[in-house]
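Numbering (the UniProt record's numbering), first residue to last: 1 to 227.
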């Protein structure tokens with residue numbers, strides 16, 4: 001089995017493929033992840049606040065959104081947006097279609113994370129905010145959200161790591177990301193196992209960097225008193 005990894009041809013192909021795979025990762029996978037996660041966090045905070053504030057109609061809409069997204073596969077959501085929407089006259093390029101799918105998908109999961117983090121902030125702090133004349137929005141912005149975000153950092157970091165790996169699904173709608181770059185090399189050279197192992201190592205590298213950044217962020221937050 002190990003001969004497949006040790007042959008001169010395999011080593012040569014792996015060395016040739018690595019820059020292409022890394023380039024696809026840095027120019028497509030990472031941007032797709034970061035842009036999608038940015039919009040996912042906007043959705044998550046909005047949905048979590050709606051549930052936290054217990055706004056009757058909006059709360060039901062938020063819960064329905066979370067139910068639908070969590071109950072359907074991400075790949076199906078990707079296909080609906082990229083292949084399904086053109087049938088009703090909505091045409092999207094592959095990258096924005098992937099961003100929309102990933103943002104709405106991850107937004108639902110992160111919304112539950114944020115809701116739990118918001119509810120972990122003691123109610124006494126809200127009452128104290130009202131006592132000094134703050135509005136509800138001021139209390140959210142200055143007191144509750146900073147603490148909730150600190151609490152949610154580990155879970156949100158895990159969501160970001162998961163999204164990096166989930167971007168491999170974007171190859172199904174022709175986004176030329178990291179996994180597709182590896183697929184193309186494997187299909188051309190018929191060297192599958194070593195190439196896919198190389199792709200896995202690159203994903204592992206990216207996820208390790210995110211893990212280190214998470215630890216650094218937590219230390220900085222703790223150093224500034226966000227316990």
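C-beta: ideal position from N, C-alpha, C; glycine also.
N-terminal and C-terminal residue of the alpha helix (DSSP H) that residue i is part of
{"i": "residue 37", "result": "30-53"}
{"i": "residue 115", "result": "94-119"}
{"i": "residue 130", "result": "123-131"}
{"i": "residue 159", "result": "145-166"}
{"i": "residue 27", "result": "Run containing residue 27: none; DSSP gives neither H nor E here."}
Helix, strand or coil at residue i according to DSSP, with G and I counted as helix
{"i": "residue 10", "result": "helix"}
{"i": "residue 73", "result": "coil"}
{"i": "residue 89", "result": "coil"}
{"i": "residue 16", "result": "helix"}
{"i": "residue 218", "result": "helix"}
{"i": "residue 180", "result": "helix"}
{"i": "residue 175", "result": "coil"}
{"i": "residue 61", "result": "helix"}
{"i": "residue 195", "result": "helix"}
{"i": "residue 134", "result": "coil"}
{"i": "residue 190", "result": "coil"}
{"i": "residue 212", "result": "helix"}
{"i": "residue 227", "result": "Summary for residue 227: the model assigns pLDDT 48, below 50, so the residue's position carries little reliability, and this model does not support an answer."}
Residue i: CB within 7 Å of a non-hydrogen atom of the ligand MN
{"i": "residue 177", "result": "What this structure holds is no ligand at all, so the ligand MN is not there to describe."}
Rounded Cβ spacing between residue i and residue j (contact assumed at less than 8 Å)
{"i": "residue 21", "j": "residue 181", "result": "5 Å"}
{"i": "residue 280", "j": "residue 218", "result": "Residue 280 is absent from the model: the chain starts at 1 and stops at 227."}
{"i": "residue 37", "j": "residue 160", "result": "6 Å"}
{"i": "residue 164", "j": "residue 206", "result": "5 Å"}
{"i": "residue 43", "j": "residue 107", "result": "3 Å"}
{"i": "residue 32", "j": "residue 99", "result": "7 Å"}
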